[in-house]
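Numbered by my numbering, the letters in the sequence shown go through residues -7 to 168 in order.
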Amino acid sequence: MTFKPFTDNIIFYDTEFSSLDPYKGEIISIGAVKMNGEEFYCELEFDGEYSDWVKENLLYTLTAPKVSRAEAQELLLEFVGPNKPYMLAYVNQFDTIYTHKLFGGREVDRSPFYWLPLDFASVLVGLGYNPEVFKADDYTKLAKELGVPIKTGHTHNALDDAKFLREIYLALITKR
């Protein structure tokens, strides 16, 4: 099976957030990687409540200086640029919701990304892979199969996850 992308105007994207409940949670870190490998990472100020899972598994890993939501918007807009690339995330519903909230809810034009986010789990299904292959216990198998270096760093680091997503994507489009 050949995998020929429609476009290379893609940014590999991952976020971490304070809760899975989009009515309560907020984005707390953003990782993004361009097709050329250029990287972006920021951690956001947040004084609200965190889910128990986030407290136990994520907060201790967030050690970078924090930026305000307004600063995060400007930094991400600057990194992404004016071309409205597609946001490609592993399972994009949370990344999309929290990024949309960051940029003002209903104001789609304020988002740095094209209005239609891309879901990498769906790409995996279409290529015959179990979409849960990115789970911590399975991603090494896929990486080895594709000749991609095993991901290092924390399992839930937005930049590490975005970089790994890019590596897997590039391996899929060049090796299939």
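Even for Gly, the Cβ is constructed at its ideal location relative to N, Cα and C.
Taking one beta carbon from each stretch, the segment 18 to 32 and the segment 145 to 157 have 3 or more pairs nearer than 8 angstroms; the two touch. Annotated three-state conformation of Ala56 is coil, per DSSP. In the DSSP assignment, Ser114 falls within the alpha helix (DSSP H) that extends over 112 to 118. The alpha-carbon of Gly120 is positioned some 30 angstroms away from that of Phe9. Less than 8 angstroms separates the beta-carbon of Leu80 from that of Tyr5. Distance from the Cα of Glu63 is smallest, within the candidate group Leu108, Tyr33, Phe86, for Tyr33. Excluding its 5 nearest sequence neighbours in each direction, Arg102 has C-beta neighbours in its own chain below 6 angstroms: Phe95, Gly96, listed in chain order. Inter-segment contact for the segment 109 to 123 and the segment 77 to 91 is present: three or more beta-carbon pairs are separated by less than 8 angstroms.
Assigned with DSSP and collapsed to three states, Tyr5 falls in strand.
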